[in-house]
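Going by my numbering, 262 is the number at position 41 of the sequence shown; the sequence numbering is gapless. The structure appears below as structure tokens.
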Amino acid sequence: MVLMLIVGLSLASCGGAGPSTAIDVTLMDFQFVPNEFIVPAGQQITFSAVNNGAVVHNFVIMKLGTNAGDAWDEGDVPNIYWEVEVQPGGNANTSFVAPTDPGEYQVVCRTEGHIMSGMVAKLTVVSSE
Ligand SMILES: [Cu+2]
222 MVLMLIVGLS LASCGGAGPS TAIDVTLMDF QFVPNEFIVP AGQQITFSAV
272 NNGAVVHNFV IMKLGTNAGD AWDEGDVPNI YWEVEVQPGG NANTSFVAPT
322 DPGEYQVVCR TEGHIMSGMV AKLTVVSSE
């Protein structure tokens with residue numbers, strides 16, 4: 222009985238392994254915490270970010286099948302699916318519609334040098350059926 226309660230609590234606190242319609246992320250110098258997100262295809266996703274770093278960070282979702290490589294450049298701009306910029310010490314509370322195509326999408330920070338410093342994450346879009 223106690224064990225079941227503990228398991229239930231730990232599942233609730235980490236959100237479980239399934240898709241969520243909410244992304245809650247902390248932007249640091251230089252990483253996304255957490256760095257893996259699972260969302261249902263085509264649904265409205267509530268996005269909330271806090272920038273705990275000393276410099277501006279971005280949360281940039283790349284289109285399916287594209288990635289920004291080792292460094293951001295202008296050639297990556299057409300491959301942006303959705304992005305938001307967050308000032309140091311600031312936060313963002315917004316939303317976006319998840320891609321309709323299931324798959325793994327790259328997330329990066331486009332501030333110069335940040336991809337190379339480790340600001341890369343993964344957004345997994347799963348069929349919402
Ligand atoms: Cu950054």
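Backbone N, C-alpha and C fix where the C-beta goes; we use that ideal spot for every residue, glycine too.
Would GLN265 be called buried (16 or more neighbouring beta carbons within 10 Å of its own) or exposed?
exposed
State yes or no: is the C-beta of PHE258 nearer than 7 Å to some heavy atom of ligand 1?
no
Using C-beta distances below 6 Å, list every residue in its chain close to SER234, excluding the 5 sequence neighbours before and after it, in chain order.
With a pLDDT of only 47 at SER234, under the threshold of 50, the placement of this residue in the model should not be trusted, and no figure is reported.
For a quick check, are the C-beta atoms of PRO320 and ALA243 less than 8 Å apart?
no
Does the structure place the segment 265-275 close enough to the segment 291-300 that three or more beta carbon pairs sit under 8 Å?
no
What residue does the alpha helix (DSSP H) around MET337 start on, and which one ends it?
335-338
Skipping 5 residues on each side, what residues in its chain have a beta carbon closer than 6 Å to that of ALA313?
ALA270, VAL305, VAL307
Sorry if obvious, but does the Cβ on ASN288 come closer than 7 Å to a heavy atom of ligand 1?
no
How should THR332 be labelled, buried or exposed, when 16 other C-beta atoms within 10 angstroms of its C-beta is the threshold for buried?
buried
Runs of beta strand (DSSP E) wholly within the segment 285-312 (minimum 3 residues, chain order)
301-307
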